[in-house]
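Presented below is the structure to which this report refers.
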Amino acid sequence: MSIGDAIIITDNRSIITDINSTTENMLKTSRNKVIGQQFSNIINIEIDENHADINPYLQSAISSGEIQVVAENTSVYSPQQERRCYVDILLSPINDYDNIIGCIITLRDVTEKKHLHKKLEYQAKYDALTGLFNRHAFEEQFQVIFNELTDDQKLSLCMIDLDRFKAINDSCGHQGGDDVLKQISRIIESCSRAEDVVSRQGGDEFCVMLKNCNAQHAKKIMDKLVQKINDFRFDCGTQNLSLGCSIGIAEISNKTSSYSDALHRADIACYKAKEAAHQQVLIADNELD
């Protein structure tokens, strides 16, 4: 128990008999308003974002005489609160000469800790600039989808490399370059289907995984993307700048050896497309093997 914890005391019927000032601040209420009220009528509890009844936990603590810890990922809120609080909840029975006469409920506010954890989780999974999956998360998504492939299913891995992006960075600065990358990300998403997975691999490279899609169908989708990026214009002062892209496609089956092999084939096809002529889409298995 910490001096900053919210403390609520109940009798053995779960009627509130006292609270401390931290509880008043957390729930935006006053001591006089809650004393005599059922605990469950004052505070709403959610566990894993689902409504939960605290009474079974309270009754278990009171009937067993043992301390109860409510499951992690618990939040509390009341109608008066401006925000939901994530808390650790500890239920400690009050023993009076072998008679359980009530319970001390300790609420430890871990909201900031929870938000920091969510932020770190997000940063581990998503690209900070574009909001797309990052390289690591994209590989994880690939493994999940790849492991579910049947003999008659295909997916396509498309490596996208922007053309003339350095000219925009040089002319408009890094802020202008960042704006372009964000806008290009939305264009790539708009050309992808709901079930597809889009990532930023780093710099001006992107990768798209097209589910249930052979290489020829993927090429049709990527041809449309090439056209959209070719039509894109970015205003930079008095200049109206354009981009292009080169795309390599690797078709994947459940016989593909590994993610790194698939990515390597798509990357080589992308490099060949860029070398041969900008704004081109090449299929690795057809053009390279």
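Read left to right, the sequence shown gives residues 929 to 1217 (our numbering). Note that beta-carbon positions come from the ideal geometry of N, C-alpha and C, so glycine has one too. In this text, all values refer to a predicted model and were calculated from it rather than measured experimentally.
Just to check my reading of the structure: L1035 and I1017 have Cβ atoms closer than 8 Å, yes? What is that Cβ distance to the nearest angstrom? Stepping through the sequence shown from its first residue, residue 1035 is reached at position 107. Stepping through the sequence shown from its first residue, residue 1017 is reached at position 89. Going by Cβ atoms, the distance from L1035 to I1017 rounds to 6 Å, so yes, they are a contact pair.
V1209 beta carbon less than 7 Å from that of M1150: Locating residue 1150 in the sequence shown gives position 222, where the first residue counts as 1. Locating residue 1209 in the sequence shown gives position 281, where the first residue counts as 1. Yes; because the gap between Cβ atoms is below 7 Å, this pair is in contact.
When the Cα atoms are used, what is the spatial distance from D1107 to T1166? Indexing the sequence shown from 1 puts residue 1107 at position 179. Indexing the sequence shown from 1 puts residue 1166 at position 238. Each residue's alpha carbon lies about 17 Å from the other.
Report the residue ranges of all alpha helix (DSSP H) runs contained in full by the segment 1060 to 1102; include only those spanning at least 4 residues, in chain order. 1063 to 1075
7 Å Cβ cutoff met for D995 and N940: By 1-based counting over the sequence shown, the position of residue 995 is 67. By 1-based counting over the sequence shown, the position of residue 940 is 12. As written in the sequence, residue 995 is Ile, which differs from the Asp given in the question. No; because the gap between Cβ atoms is not below 7 Å, this pair is not in contact.
Along the chain, where does the alpha helix (DSSP H) that runs through D1195 open and close? For this step, residue 1195 is matched to residue 267 along the sequence shown. Per DSSP, D1195 belongs to the alpha helix (DSSP H) from Y1187 to A1204.
Taking 7 Å as the cut-off, decide whether the C-beta atoms of L1169 and D1132 are in contact. Counting from 1 along the sequence shown, the entry for residue 1169 is found at position 241. Counting from 1 along the sequence shown, the entry for residue 1132 is found at position 204. Contact flag unset, no.
Y997 burial status per 10 Å Cβ neighbour count (16 or more: buried): Numbered from 1 along the sequence shown, position 69 holds the residue referred to as residue 997. The amino acid at residue 997 is misidentified as Tyr; the sequence shows Val. Its Cβ having fewer than 16 others within 10 Å, V997 is exposed.
Per DSSP, cross-strand counterpart(s) of G1104: Reading the sequence shown from its first residue, position 176 is the one you call residue 1104. Paired residue(s): none; G1104 is not in a bridge.
Close beta carbons around A999, own chain, < 6 Å, minus the five adjacent residues each side: In the sequence shown, the residue the question calls residue 999 occupies position 71. For A999, where only same-chain residues beyond five positions count, the Cβ hits under 6 Å are I975.
For a test of the three-state rule: what should DSSP assign to C1141, helix, strand or coil? By one-based count along the sequence shown, residue 1141 stands at place 213. Of the three classes helix, strand and coil, the one that applies to C1141 here is coil, per DSSP.
8 Å CB neighbourhood of V1154 in its chain, flanking five on each side removed: Sequence index remark: in the sequence shown, residue 1154 carries index 226 (1-based). Only G1172, C1173, I1175, Q1207, Q1208 and V1209 meet the Cβ criterion.
If I follow the unbroken alpha helix (DSSP H) through Q987, where does it start and stop? For the purposes of this step, residue 987 is taken as residue 59 along the sequence shown, with counting starting at 1. Where Q987 is concerned, the enclosing alpha helix (DSSP H) stretches over N983 to S992.
Contact check, I1180 vs L1085, beta carbons under 7 Å: Indexing the sequence shown from 1 puts residue 1180 at position 252. Indexing the sequence shown from 1 puts residue 1085 at position 157. Result yes, Cβ atoms of I1180 and L1085 sit closer than 7 Å.
What does G1176 pair with, by DSSP beta-bridge criteria? What you label residue 1176 is simply residue 248 of the sequence shown in a count that begins at 1. DSSP lists M1087 and L1210 as partners of G1176.
How would you label D1026, buried or exposed, when you count the other beta carbons within 10 angstroms and need 16 or more for buried? Stepping through the sequence shown from its first residue, residue 1026 is reached at position 98. It is exposed - the Cβ of D1026 has fewer than 16 other Cβ atoms within 10 Å.
Can you check whether the CB of I937 is closer than 7 Å to the CB of T945? As a working mapping, residue 945 is identified with position 17 in the sequence shown. As a working mapping, residue 937 is identified with position 9 in the sequence shown. In contact: T945 and I937 (Cβ atoms closer than 7 Å).
With a Cβ-Cβ cutoff of 7 Å, do I1177 and A1205 count as a contact? Locating residue 1177 in the sequence shown gives position 249, where the first residue counts as 1. Locating residue 1205 in the sequence shown gives position 277, where the first residue counts as 1. No.
With a cut-off of 8 Å, do at least 3 Cβ pairs link the segment 1057 to 1066 to the segment 1116 to 1131? yes
DSSP three-state label for R941, please. Along the sequence shown, one-based indexing puts residue 941 at 13. Here R941 sits in coil by DSSP.
Should the segment 1091 to 1101 be regarded as contacting the segment 1036 to 1047, the criterion being three or more beta carbon pairs within less than 8 Å? no
Opposite N1168 in the DSSP bridges: which residues? For this step, residue 1168 is matched to residue 240 along the sequence shown. N1168 is bridged to D1163.
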